[in-house]
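As C-alpha cells, the structure follows; a few thoughts come after it.
Residue numbers (UniProt numbering): 1 to 631.
Quick look at the structure:
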C-alpha cells in the first residue's frame, strides 16, 4: 500500500504513472490467463531406454517390459474397439457425411454396427465363409460405407483388402488374383465397369461378385451375367504387395498412440476427426480406430479435396490426421503472405514469442500474438480447434506408426520415441558409413504392430523381416542425446555416381522442396554420370511473382521454358542445399522445369504421395538425356 501511495504522489509525470499501472495490469492479466504448462510424462532429456541387442524402448515402459497390445482391456480386436465406442458414446454420432452446401449428417454407432452386421450376413448368403481365408476387396473413396464394409468383414472374421481408388487396371488385376478376391465392394458404376472389364478379358477369373454402393444401370447387370459376375447393390446385400495385418497389429498401434499422448489429451465422445486421407492408408485407419474406441465422431469429406476447407469449416474437427506435405504447403502459404520486410519481421517475431511459450509447455490460442497475428491464420486455415501437433513415423509394415513425439517436447527435427507397442534398434549400413556403434544405422522395428509378411510373397517377406523378426524399414536413423530418433537418410532408392559416391535422392529432394518457387522435385543420377540433375515442378501460385521480380512474364508453360527463370530457381535450390549441408556431389547441376504437377491421377505419385521413381525416370528420360548432353 505504501508503494502505491509513493507511486501516486511521486514526481513522475501523470502519463508515466498511468503507463506503469497499465503495464502492471497487463502483466497481472497475462499471469492470470496463462494456462498451466503441459507436463511431460517422461524426462525430456532421456526419452528412451536402452535394452538388449542395442534396441531402445520408450521411457513410458520404464517399469514394464511388456509391449502394449491394447489400451482398453475390453477392446483387443477391431470389432471390440468399435463395440466399446458404441458403449461409451451412449450410441452417439459416429460417421458423418454431407452434401454440397449442407450441414453434416450423422450415422449413430448402433446404425453403423447394424448395417455392418446386415452387410456381413448378406455376404455370407452370397456363399462366403466366416473365416480369415476369405479376402473381401473394398474399392472406394472415403465415405461411411467404406467403414461399414470394413466392419462387416471384422464382424464375421473375414479379411478386408483396401484397393486404392486411383489404382490402374494392372494393379487391380494383380491384387485380386494374388489375394484370390472373389467379392469386391465399390462405390460407383465407373469402378464397377473397371472391375468388370478385367473379368470380361479373362484377367481376373476369381472375381465372382461386385457390390456397388451407389445406383447403377441394368446394362451393367447384363454385362456381369454374360461373364459370370453377380452385380448387386449394397442396399440389397444389407437385408500391390498385400501386407498381412492382424487385429492385434492395429489395436496395439492405436493403443501405443493413445498411451503416448494421454498425459496431454485423451480422445473422448466430444472429439471429431475429418477423414480425407485414403482409407487404404493404414495411418488413417489407425486414427479412426482411436476415434471409435473413444466413442468419438468421424466426418467424411465430400470427395473433392478442393472442398476440404469448407468441410473443415462446417465440421470443426478437433483431431486432424495430416501428412507433412500438406503442412509444408501451409507453412509456405503463411510465409508468402508476409510481403513487406516489416510484415516478415513481425511474423517471425510473433513466431519466436509463441515458440518461447511452447518450449515452456504453454499451449494456448488466446495470447496477444494469437489475437494480433495468428487469429487470421487460425481461422483461415481452420486450425482454431486444434492446438497440439504430434509427429509420428512409420510405414504400412508396422501398421502405421512406430515412433511418436512426446507431449511437452517442443524440439523439432526428430520423430520422437518408440511406441509402447514396439522397440527400435539401428543396424550397420556399411556401404553408407553408418554404424550402430555411433548411434546411426538402418531403423529396425520389433513389436506387436509388426506385420506377418507379404501375402503369397515369401521372397519379399524375407527382405523385410529378418530371421529374428526385426522389420527392416530402409530408413537411416540416428539417436539424439535425449533418446529421440531422427531420420537422416534413406537406404532404399540409393544409387552410385560414376565416381563411386552414394546418393540418397529423397534426402536431397526434401531440402530442395523448401525453395519458395518449387512445388515438387525429382532428383536423378546413375552410375554412368558424375553429377545429378532434377525435374522441378514450379509452384503455380508463386512462379508468376517470382518471374515478375526477374522482369519476366507469360503463361506457366512459357515461364517454365525461360532460361533466366530456370537459372534463378537452380541458384535458389543450390543456396538451400549449401545451408542444409549438402556435399558438392549431392547438389544438382541443372534442372528441367515441368509445368504439370506429379499426382496420383497421372500415375507419378503413390496413394501415400510418394514419388514413383521408375515412372518419373521413364517419363522424363528425354529431358534427362538432354540435360546431361548439354553439360
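We put the CB at the ideal spot given by N, CA and C, even for glycine.
All figures in this text were calculated on a predicted structure; none of them were measured in a lab.
- According to DSSP, residue 490 shares a beta bridge with 475.
- Check the Cα spacing between residue 199 and each of 620, 174, 486: the tightest is with 174.
- Taken in chain order, the complete beta strand (DSSP E) segments of 3 residues or longer contained in the stretch 280 to 356 are 297 to 300.
- For the 8 angstroms CB-CB criterion, residue 350 and residue 373 form a contact.
- Just so you know, the alpha carbons of residue 347 and residue 551 end up roughly 28 angstroms apart.
- Annotation for residue 208: 182 place their beta carbon closer than 6 angstroms to its own, counting only its chain and skipping 5 residues before and after.
- Taking the C-beta atoms as reference points, residue 597 is found nearer than 8 angstroms to residue 537.
- From the listed residues 45, 125, 86, 139, the smallest Cα separation to residue 237 is found for 125.
- In the structure shown, residue 369 adopts helical secondary structure according to DSSP, grouped into three states.
- With at least 16 other beta carbons inside 10 angstroms of its own, residue 434 counts as buried.
- Here the alpha carbons of residue 276 and residue 305 stand approximately 8 angstroms from one another.
- According to DSSP, residue 275 shares a beta bridge with 300.
- Only residues of its own chain outside the window of five on either side were considered, and among them 161, 175, 178, 179, 454, 455 have a CB closer than 7 angstroms to the CB of residue 242, listed in chain order.
- For residue 432, the secondary structure class from DSSP, reduced to helix, strand or coil, is helix.
- For residue 391, there is no enclosing beta strand (DSSP E), since its DSSP letter is neither H nor E.
- Here DSSP, grouped into helix, strand and coil, assigns residue 73 to coil.
- A straight line joining the alpha-carbon of residue 522 with that of residue 338 spans about 28 angstroms.
- DSSP places residue 572 inside the alpha helix (DSSP H), whose first and last residues are 563 to 579.
- For residue 105, the three-state secondary structure derived from DSSP is strand.
- The C-beta of residue 46 has fewer than 16 other C-beta atoms within 10 Å across all chains shown, which makes the residue exposed.
- Per DSSP, the continuous beta strand (DSSP E) segment holding residue 94 begins and ends at 93 to 97.
- Residue 179 sits in a helix when the DSSP states are folded into three classes.
- Here residue 389 is exposed. Its C-beta has fewer than 16 other C-beta atoms within 10 Å.
- For secondary structure counted as the beta strand (DSSP E) over 3 or more consecutive residues, the stretch 580 to 608 holds these complete runs in sequence order: 588 to 593.
- Here residue 461 carries a helix assignment [DSSP, helix/strand/coil].
- Counting the other CB atoms within 10 Å of its CB gives residue 405 a total of 16 or more, which places it among the buried residues.
- Taking residue 77 as reference, the option from 253, 91, 105 with the minimal CA-CA separation is 253.
- Nearest in C-alpha terms to residue 123, of all of 233, 203, 61, 447, is 233.
- The beta carbons of residue 82 and residue 113 sit closer together than 8 angstroms.
- Looking at the DSSP output, residue 141 bridges to nothing.
- Straight through space, the alpha carbons of residue 298 and residue 104 are spaced by roughly 11 angstroms.
- Nearest to residue 428 by alpha-carbon distance, out of 437, 408, 100, is 437.
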